[in-house]
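**Q** For the sequence shown, the residue numbers in the working numbering are 48 to 517.
We put the beta carbon where it would ideally sit given N, CA and C, even for glycine.
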Amino acid sequence: MYGKSERIIMLADMDCFFVEVERLHRPELRGQAVIIGGQPHRRGVVSACSYEARRFGVHSAMPMGEAYRRLGLDPSQPLAEGQTIERRGVTVNFLHSGLHGNYGLYSRRVQDVVSALVPVFRPKSVDEFEMDITGCETIFRRDYGGIVEFAEELRRRVRSEVGLPMSIGIGPGRLVAKMASRHAKPDGVFRVRPVEAVSFLAPHDVQDVPGIGPATAGTLRDMGINRVGQLLEQDQALLRQTFGIGMWSLVNTLKHGEDRAVPPPNTGGGMSEHGSMGLLMREDGHESPAIGFGPARGKPKSIGHSVTLERDTLDTALIRRTLWRLTEDACRRLREKDLAAGHVTVTIRYSDFQTISHGVMLNEPTDLDRVVYETALRLFDEARTRRLRIRLLGVRLEKLKAGLSQLSLFEPKSVTRERQLTHTLDALREKHGRDVVLLGPGVNQIGSERISTDSQAGVSVSMSPQRSAV
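1) Please report the straight-line C-alpha distance between G271 and A262, rounded to a whole angstrom.
2) The beta strand (DSSP E) spanning S97 covers which residue range?
3) What are the residues that DSSP puts in a beta bridge with F168?
4) M270 by DSSP, collapsed to three states: which one?
5) Measure the CB-CB distance between L370 and Y420 and report whether it falls below 8 angstroms.
6) Could you tell me the distance, in whole angstroms, from the CA atom of F64 to the CA atom of N410?
7) At a cut of 8 angstroms, does the stretch 364 to 383 reach the stretch 434 to 448 through at least three beta carbon pairs?
8) Buried or exposed, going by whether 16 or more other CB atoms sit within 10 Å of the CB of F400?
9) Starting from K446 and walking both ways along the beta strand (DSSP E), at which residues does that stretch end?
10) Check the C-beta distance from F176 over to V161 and give it rounded, since I have them as a contact under 8 angstroms.
11) Which first and last residues belong to the alpha helix (DSSP H) in which G91 is found?
12) With distances taken between CB atoms, is the gap from L435 to D414 smaller than 8 angstroms?
13) Which residues in the same chain have their Cβ closer than 8 angstroms to the Cβ of Q158, if we skip the five residues on either side of it in sequence?
14) Do the stretch 253 to 260 and the stretch 91 to 101 make contact, defined as three or more Cβ pairs closer than 8 angstroms?
15) Whose C-beta lies closer than 6 angstroms to the C-beta of A59 among residues of the same chain, with five residues either side of it excluded?
16) With a CB to CB cut of under 8 angstroms and the five nearest residues on each side skipped, what residues in its chain are close to P250?
17) Report the residue ranges of all alpha helix (DSSP H) runs contained in full by the stretch 345 to 390; include only those spanning at least 4 residues, in chain order.
18) Which whole-angstrom value describes the C-beta separation of A244 and V223, a residue pair presumed to lie in contact below a C-beta threshold of 8 angstroms?
19) For P110, name the three-state secondary structure that DSSP assigns.
20) Buried or exposed: which applies to H352, given that a residue is buried once 16 or more other Cβ atoms fall within 10 Å of its Cβ?
21) Please report the straight-line C-alpha distance between V544 and G78, rounded to a whole angstrom.
22) Do you know whose CA, among L424, D428, V173, I55, lies nearest R238's CA?
23) Mark A284 as exposed unless 16 or more other C-beta atoms lie within 10 angstroms of its C-beta, in which case mark it buried.
24) Could you say which of R417, V173, R206, G218 lies nearest to V195 if we only look at CA atoms?
25) Residues bridged to Y397 by DSSP?
26) Exposed or buried, what is V173 when buried is set at 16 or more other beta-carbons lying within 10 Å of its beta-carbon?
27) Go ahead and pull the three-state DSSP assignment for R156.
28) Hey, out of R268, G193, G210, H303, whose CA is closest to R156's CA?
29) Tell me where the beta strand (DSSP E) around I82 begins and ends.
30) Looking only at its own chain, which residues have a Cβ that is under 6 angstroms from the Cβ of Y191, when we skip the five neighbours before and after it?
31) Contact defined as beta carbons within less than 8 angstroms: I believe R117 pairs with F103. What is the distance between those atoms, to the nearest angstrom?
32) Between E383 and D282, what straight-line distance do the alpha-carbon atoms span, to the nearest angstrom?
The structure is reproduced here in structure tokens:
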């Protein structure tokens with residue numbers, strides 16, 4: 048129960064992180080409506096925007112063409128880099144190419160400040176960090192005056208030492224702390240005490256809850272459930288029957304609280320998120336993660352990623368690179384949840400919007416990038432029956448099984464070594480960013496540290512010169 052919970056979790060969320068990093072290097076951007084993302088005529092999306100830009104209805108993950116239209120601009124005529132416009136007395140600046148590589152550097156600087164002050168700390172993404180301060184109340188009261196005062200001091204230190212604003216949510220569990228952090232914005236602290244948790248959650252829209260995506264929220268609305276308070280009043284047996292045990296578990300957590308500690312770094316214990324669009328949205332298209340509630344054993348039913356390409360293409364090398372990146376992301380999420388996939392599906396959408404999906408059962412469940420990629424490549428070759436340009440690619444993993452450690456007791460040593468290498472790479476990327484090590488059949492060159500591409504399947508590795516000392 049929330050009233051008996053002793054867990055105290057802090058969730059730090061960097062405010063407009065990508066925009067604020069740009070402003071450190073370009074002070075003239077302060078006070079401007081800054082929008083960062085891909086080109087509108089190349090299907091780019093908004094990866095980040097300032098609070099000033101949000102007043103015009105622009106938000107992260109919005110197609111850049113729509114952002115242009117909301118500001119009265121023609122998406123077919125993109126502004127030149129550095130060109131500004133005036134709207135309602137506000138200067139608007141579109142950044143279609145930013146600092147990129149520096150984002151990870153500033154994230155690590157923030158982590159250095161945070162990790163020096165808290166006992167248990169875990170990065171959830173480049174701009175979001177979980178902290179478990181359970182048992183530290185007496186120390187914080189003595190040294191800072193209390194938990195909220197400590198959070199304020201942490202926020203001030205990050206601002207002073209790194210130059211970036213940070214909002215902190217405090218709650219009796221990881222989910223409540225996450226939602227509290229949104230109320231702390233911008234650049235503040237918001238605490239939810241155990242006895243306040245249910246009343247705090249009740250008025251929120253159901254889609255505000257981490258783990259409830261648009262599809263699930265739509266089904267809930269069809270049932271007349273719009274607010275968390277309404278969700279908590281529903282019969283849990285009905286929710287379990289309709290959505291599976293994942294929803295039942297989520298509602299139970301919302302209603303009674305949780306006592307999950309923040310896991311140590313690199314153990315893969317973070318909550319599934321649909322957010323962090325700054326990491327998912329790239330100049331070469333936009334990528335969409337997908338996860339579904341499972342009907343049994345409290346695990347996802349499927350995990351998948353899809354990406355709309357910058358341009359419709361017949362380029363085999365680009366298609367291979369894209370399938371590899373989608374495979375990496377999907378398999379990483381498998382490993383985070385200690386799951387293995389028994390079924391792989393590849394989705395192709397042609398330029399005329401015809402969509403085809405083709406799947407196959409694997410001989411054995413796996414969480415290895417290589418195995419899934421080779422299967423995805425074969426499925427793609429089998430499913431592609433038209434010489435029409437391709438607009439979208441997707442990889443979905445299903446028939447998920449828990450506890451791969453039990454499944455792999457008798458696997459060949461070469462596979463065991465491959466799995467150990469994969470988990471080592473996961474740990475490196477968790478700490479230093481996904482591009483610290485690049486693997487695959489070729490990675491699109493973005494900057495001098497990227498590897499060159501080729502169209503042959505296989506695995507190549509590149510250590511970024513800026514990030515090789517890990």
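**A** Working from what's here:
1) Position 224 of the sequence shown, counting from 1, holds the residue named residue 271. Position 215 of the sequence shown, counting from 1, holds the residue named residue 262. Rounded to whole angstroms, G271 and A262 show a C-alpha spacing of 14 angstroms.
2) As a working note, residue 97 is residue 50 in the sequence shown. Taken as a continuous stretch (DSSP letters only), S97 belongs to no beta strand (DSSP E), as it is neither H nor E.
3) As a working note, residue 168 is residue 121 in the sequence shown. In DSSP, F168 forms a bridge with M178.
4) Taking the sequence shown and counting its residues from 1, the one referred to as residue 270 is at position 223. In the structure shown, M270 sits in coil (DSSP, three-state: anything other than H, G, I, E or B).
5) Along the sequence shown, one-based indexing puts residue 370 at 323. Along the sequence shown, one-based indexing puts residue 420 at 373. For L370 and Y420, yes; Cβs fall inside 8 angstroms.
6) Numbered from its first residue, the sequence shown carries residue 64 at position 17. Numbered from its first residue, the sequence shown carries residue 410 at position 363. Rounded to the nearest angstrom, the two C-alpha atoms are 44 angstroms apart.
7) yes
8) Here residue 400 corresponds to residue number 353 of the sequence shown, with the count starting at 1. Classification for F400: exposed.
9) For the purposes of this step, residue 446 is identified with residue 399 of the sequence shown, where counting begins at 1. First-last of the beta strand (DSSP E) with K446: 437 to 449.
10) Reading the sequence shown from its first residue, position 129 is the one you call residue 176. Reading the sequence shown from its first residue, position 114 is the one you call residue 161. At roughly 6 angstroms, the Cβ-Cβ gap stays under 8 angstroms, so F176 and V161 are in contact.
11) Along the sequence shown, one-based indexing puts residue 91 at 44. G91 -> no alpha helix (DSSP H), and no H or E assigned at all.
12) Residue numbering aside, residue 435 sits at position 388 when the sequence shown is read from its first letter. Residue numbering aside, residue 414 sits at position 367 when the sequence shown is read from its first letter. Not in contact: L435 and D414 (Cβ atoms no closer than 8 angstroms).
13) Translated into the one-based positions of the sequence shown, residue 158 becomes position 111. These residues qualify, in order along the chain: F168, P170, F176.
14) no
15) As a working note, residue 59 is residue 12 in the sequence shown. So the list reads F176, M213, I215, once near-sequence residues are dropped.
16) Here the question's residue 250 lines up with position 203 in the sequence shown. Answer for P250: R274, V275, G276, listed in chain order.
17) 363 to 383
18) Start at 1 with the first residue of the sequence shown, and residue 244 comes out as number 197. Start at 1 with the first residue of the sequence shown, and residue 223 comes out as number 176. About 5 angstroms separates the two Cβ atoms, so the contact holds.
19) Within the sequence shown, numbered from 1, the residue matching residue 110 stands at position 63. Note: P110 maps to strand in three-state DSSP.
20) By one-based count along the sequence shown, residue 352 stands at place 305. By the neighbour-count rule (16 or more Cβ atoms within 10 Å), H352 is buried.
21) No answer is possible for residue 544: it lies beyond the span of the chain, which begins at 48 and ends at 517.
22) For the purposes of this step, residue 238 is taken as residue 191 along the sequence shown, with counting starting at 1. Considering only alpha carbons, the answer is I55.
23) For the purposes of this step, residue 284 is taken as the residue at position 237 of the sequence shown. Counting Cβ neighbours within 10 Å, A284 comes out exposed, since fewer than 16 surround it.
24) For the purposes of this step, residue 195 is taken as the residue at position 148 of the sequence shown. Of the listed residues, the one whose Cα sits closest to V195 is G218.
25) In the sequence shown, residue 397 corresponds to position 350, counting from 1. Paired residue(s): I437.
26) Counting from one through the sequence shown, the residue named residue 173 turns up at place 126. Counting Cβ neighbours within 10 Å, V173 comes out buried, since at least 16 surround it.
27) Along the sequence shown, read from residue 1 onward, the residue named residue 156 stands at position 109. Judged by DSSP in its simplified three-state form, R156 adopts helix.
28) Residue 156 sits at position 109 when you count from the first residue of the sequence shown. Of the listed residues, the one whose Cα sits closest to R156 is G210.
29) Taking the first residue of the sequence shown as position 1, residue 82 is located at position 35. From DSSP, the beta strand (DSSP E) with I82 extends over 80 to 84.
30) Residue numbering aside, residue 191 sits at position 144 when the sequence shown is read from its first letter. Hits under 6 angstroms: F197, E200.
31) Indexing the sequence shown from 1 puts residue 117 at position 70. Indexing the sequence shown from 1 puts residue 103 at position 56. With a Cβ gap of about 5 angstroms, R117 and F103 count as contacting.
32) Here the question's residue 383 lines up with position 336 in the sequence shown. Here the question's residue 282 lines up with position 235 in the sequence shown. Taking the straight line from one Cα to the other gives about 31 angstroms.
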